[in-house]
Each structure stands twice: as structure tokens, then as C-alpha cells.
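Student: Residue numbers (the working numbering): 172 to 398. Heads up, the beta-carbon is just placed ideally off N, CA and C, and yes, glycines get one too. Could you have a look at this structure, given as C-alpha cells, before my questions?
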């Protein structure tokens, strides 16, 4: 069974899945290598705005894809569609308010900046100096990185970072307690004829000012290549 609504819905979902914030706003985001923290402050902010605009974009697309519903005239649409439009507008407005609040005092209120502030201790005199340390170490070629863009783990000389869609979790290596929770062997490795061992690791921070508790998986052979 085929309908304009179904066709547009499928096209919208697949199109949204294929477009990334990094590709669409690359000129505004700048270079991750040159300013890791600044890049992800901008990336997470624009991600909030864009993702919150998806329901409103869907409604506007349905106005074109299903003109018989007359969605342009909000006084004649069903209560469900009217509620959907209202919630979409509220979601978009709230996202802009949040990003505006984050941007005050040179992004001092951004969640990533708050995480940096939790690490202000000698030898770091301010959260800006913490950001400089992370930016500098991220540019080193000997860092370890693994995972998809929305769930990437990066290990530098001093820091352990987990980059997610909306946030960055970070901890000093000296504050980290790493536990191996599971070990499995993958017998189908494209890079080696021998089995590849996959480790599931749990990372906890002993820093009382910064709670950290997350898990990640990596190939032990890939990790050892960086050492």
C-alpha cells in the first residue's frame, strides 16, 4: 500500500539519517584538530537545534506531500495534528533558549564547559587551561580513538574522553579506574588471520567533583598498536 504520507515519511527518515551535523555545518564548526573543545561545544549546540527542528520540518514537509490534509490551515486540521505542530514549535523554541543560555559569558554555561570546570586543579588554573591541554593532546598523532562518531572514545597522553551526540565525558587518566567487564574473541578479523580479542571496559573516575561511569568496547590488538 502506497501513499504520499508513507513516501514522504520514509524519505524524511532516510534523508535525516544520512545527513550529519559535521557535513552540513562544517564551515561554521571549524576544525576538530585545531580546536577540539571549541569544535564540540559548537557541534553539540547546533545538534540540539537541528534535532529539535525535525518534528517541525516533518510537519512542513507533510504540508507539501499530503495537500489533501490541508495542514497549512491550522484551524481546519485535526486536534492531533494541531497538538503535534504546537509541540514542535515549543520544542524548537526551547532549544534556541537553551543554546542562547549556553552561549552566555563565552559559552561558560555550556555542559562541556561545566565538565572542564570540574577539572580545575593544579596544574590547571582555569577551565580554559583545561581546554588548552585537551586541544593540544588531541592533535598528537599517537592518541587512541575508537567507536562511531556518536559514541567515540579517545585516549590521549593525559585524558580519557568519550564523545557522544550531545556531550563529552572526560577524566584524567590518573583519576580513572578501568575494569575489564567482558572479553570475547572475534574469529572473523579482516586484518589478521588470528582471532581478535574484544574487551568491554568500564571506566570510573575517582575524582569526587566529577562523576564518571561509562563503558566501551575495543579490540585489544588495536589498542596495543598505539602503545
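If I'm right that residue 348 touches residue 377 with Cβ under 8 Å, what's the distance once you round it to whole angstroms?
Tutor: Residue 348 to residue 377, Cβ: 6 Å. Contact.
Student: Quick check on the DSSP output: the beta strand (DSSP E) that includes residue 207 runs from which residue to which?
Tutor: From DSSP, residue 207 is part of no beta strand (DSSP E) but of the alpha helix (DSSP H) over 207-236.
Student: Can you tell which of 199, 249, 298, 216 has its C-alpha closest to the C-alpha of residue 265?
Tutor: Among 199, 249, 298, 216, the Cα nearest to that of residue 265 belongs to 216.
Student: So is residue 245 buried or exposed if we call it buried at 16+ other beta carbons inside 10 Å?
Tutor: Residue 245 is exposed by the Cβ-count criterion.
Student: Using DSSP bridges, identify the partner residues of residue 298.
Tutor: Bridge partners of residue 298: none, in fact.
Student: My output table needs one value for residue 203: the three-state DSSP class, helix, strand or coil.
Tutor: It is coil, neither helix nor strand.
Student: What does DSSP give as the partner residue(s) for residue 340 in the beta ladder?
Tutor: Answer by DSSP bridge pairing, in chain order: 333.
Student: Which value, in whole angstroms, describes the spacing of the CA atoms of residue 285 and residue 292?
Tutor: So the two alpha carbons sit approximately 14 Å from each other.
Student: For residue 275, does the three-state DSSP call read helix, strand or coil?
Tutor: In this structure, residue 275 counts as helix in the three-state DSSP scheme.
Student: DSSP on residue 309, reduced to helix/strand/coil?
Tutor: Of the three classes helix, strand and coil, the one that applies to residue 309 here is helix, per DSSP.
Student: Identify whether residue 346 lies in helix, strand or coil by the three-state DSSP scheme.
Tutor: In this structure, residue 346 counts as helix in the three-state DSSP scheme.
Student: Taking DSSP's pairing of strands, which residues face residue 253 in a bridge?
Tutor: Answer by DSSP bridge pairing: none, since residue 253 is not bridged.
Student: At the level of alpha carbons, what is the spacing between residue 259 and residue 224?
Tutor: For residue 259 and residue 224, the distance between alpha carbons rounds to 7 Å.
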